[in-house]
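Worksheet: the structure to be examined is printed underneath.
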Amino acid sequence: MRSLSIVVLTAALSGVALQGQVTLPVRFTAFAIDVNNMGKSHSGTVDIKIDRWSTDAERDALIKTFMEKGPQKLLDALQDTKPVGYIKAPQTLAWDLRFARQNQLDEGITQILLLTDRPIGFAEARNQPRTMDYPFTLIDLRIKKDGTGVGKAAVATQIIYNKKKNVVELENYSSEPVRLNNIKIEK
């Protein structure tokens with residue numbers, strides 16, 4: 006189990022009040038570097054647009070679904086939520102983001118947490134490889150007061166509840182998260 010995003014997911018789905026410095030709608034660009042062990046590395050620019058923050062009611066419903074019914078029902082509930090924005094790489098269609106929250110961290114850093122299902126291509130859906138067990142994408146952006154920042158994205162992950170440790174954990178299919186560098190708020 007990877008513990009990289011345990012705190013991120015817990016914070017995203019926690020009761021932390023919405024606070025921060027990022028006003029909506031907002032569009033970010035970032036340089037993504039994917040150095041996973043699933044083949045050759047990829048890099049390029051991605052666009053992330055957030056139109057609204059997820060409500061407390063949406064957050065509470067997702068937590069309840071996950072805790073009572075498990076990750077598959079969480080995925081279903083997440084897919085049923087109204088999109089909060091999108092993420093898009095060059096040469097691809099935009100993909101809806103389903104959950105977005107912001108939190109104020111120390112020293113004026115705003116943390117933006119995004120959760121969504123991940124795109125599944127026709128061949129992947131037909132062939133049902135192991136990747137089908139990893140349907141979530143979690144993105145953690147850290148934005149400074151000047152509108153620049155860095156982030157990480159767990160692109161193919163499974164969310165589980167570890168009863169022994171009493172925490173939510175992410176199991177990453179790929180061993181390394183996608184690094185998001187040179188994040189900038191676009192005017």
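Heads up, the sequence shown is in this note's numbering, so the first residue is 6 and it goes up one at a time. Think of the CB as a built atom: it goes at the ideal place given N, C-alpha and C, for glycine as much as any other residue.
- The beta carbon of Gly156 sits closer than 7 angstroms to the beta carbons of Ala35, Ile144, Asp145, Leu146, Arg147, Leu185 and Ile188 from its chain, once the five residues preceding and following it are set aside; these are given in chain order.
- The beta carbons of Asp101 and Thr70 sit no closer together than 9 angstroms.
- Between Ala161 and Pro182, the beta carbon gap of about 10 angstroms keeps them out of contact (Cβ cut-off 8 angstroms).
- Contact between Phe104 and Thr86 holds, with the beta-carbon distance rounding to 7 angstroms and staying under 8 angstroms.
- With fewer than 16 other Cβ atoms inside 10 Å of its own Cβ, Ser48 counts as exposed.
- Between Pro30 and Asp52, the CB-CB gap reaches or exceeds 9 angstroms.
- DSSP places Leu67 within a helical segment (H, G or I) once states are collapsed to three.
- Pairing Ser59 with Pro88, the inter-Cα distance amounts to about 9 angstroms.
- Collapsing the DSSP output to three states places Gly156 in a strand.
- DSSP lists Ile38 as the bridge partner or partners of Ser48.
- In this structure, Leu83 sits near Phe141, with a CB-CB distance shorter than 9 angstroms.
- Taking 9 angstroms as the cut-off, the beta carbon of Ile190 is found closer than this to the beta carbon of Arg32.
- In the three-state reduction of the DSSP assignment, Gly90 falls in the strand class, which pools E and B.
- The three-state secondary structure of Ala99, taken from DSSP, is coil.
- Within 10 angstroms of the beta-carbon of Gln96 lie fewer than 16 other beta-carbons, which makes it exposed.
- Per DSSP, the unbroken beta strand (DSSP E) holding Asp122 starts and ends at Thr115 to Asp122.
- Only residues of its own chain outside the window of five on either side were considered, and among them Thr115 have a CB closer than 6 angstroms to the CB of Gln26, listed in chain order.
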